[in-house]
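Here's the structure, in structure tokens; my notes come after.
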Amino acid sequence: AERDFDAEVMGLNDVPMEDQPEPRVVHLAFQVMVGIGTTLILVSLWFWATAWRKGRVEPNTWQLRALVALAPAGFIAIEAGWIVTEVGRQPWIIQGVMRTEDAVTQVPNQFAAFGGFTILYALLAVTTVWLLRLLAKSRPPVERTSEEAPHVA
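Heads up, the sequence shown is in our numbering, so the first residue is 3 and it goes up one at a time.
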């Protein structure tokens, strides 16, 4: 912690109450992050053990269901890690130098910029969904065999 093996590290009980983060939120978010990570690793091992045993990659129905159920899990783990980082450093922006309350911007029209970015990302999301639906409804391209290919004389 102090780049010295003999350094004394303060515990949370030694930190003044106004400088302590909320330990329950940090602990819960950390448990969620680690739990999801462990689950993803175990499901991956289950998938590859089955593939190794069969000699080919052919997931069974339960493995496919697990993959579908765990599709958002990576994103949830990332968000839980972000909560650990952000809540765990409170009330400091820079440890011992600047507190969060001192770092809040006083820029005028900040809500206009926030609203503009919100509208932009909403439009991007709608466009993405529209394009994906269009792609899903379209027919796949037909591959021609060599006999059907046009010839140039």
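Backbone N, C-alpha and C fix where the C-beta goes; we use that ideal spot for every residue, glycine too.
Assign residue i to one of three DSSP states: helix, strand, or coil.
i, result
"Arg101", "strand"
For residue i, which option in the options has the closest C-alpha, if you only look at C-alpha atoms?
i, options, result
"Leu14", "Arg5, Asp6 and Arg26", "Arg26"
"Ala82", "Trp54, Leu42, His29 and Lys139", "His29"
"Leu69", "Pro143, Leu44 and Gly117", "Leu44"
"Gln97", "Arg5, Val17 and Asp6", "Val17"
"Ala79", "Leu42, Leu136 and Trp132", "Leu42"
"Thr102", "Pro142, Glu88, Asp6 and Pro143", "Glu88"
So residue i and residue j are supposed to be a Cβ contact under 8 Å. How far apart are they, rounded?
i, j, result
"Gln65", "Trp50", "At roughly 10 Å, the Cβ-Cβ gap does not stay under 8 Å, so Gln65 and Trp50 are not in contact."
Handout entry: Meets three-Cβ-pair contact criterion under 8 Å: the region 32-41 and the region 4-14
Key = In short, these stretches do not touch, since the Cβ pair count stays below three.
Practice task
Flag this pair as touching only if the region 91-104 and the region 16-23 have three or more C-beta atom pairs under 8 Å; answer yes or no.
Solution key: Enough Cβ pairs lie closer than 8 Å, so yes.
Problem - Contact between the region 72-84 and the region 34-54 (3+ Cβ pairs under 8 Å) - result: Touching, yes.
Practice task
Any chance you could list the alpha helix (DSSP H) runs of at least 4 consecutive residues sitting entirely within the region 28-90, in chain order?
Solution key: Entirely contained in the region 28-90, the alpha helix (DSSP H) runs reaching 4 residues are, in chain order, 63-71 and 75-90.
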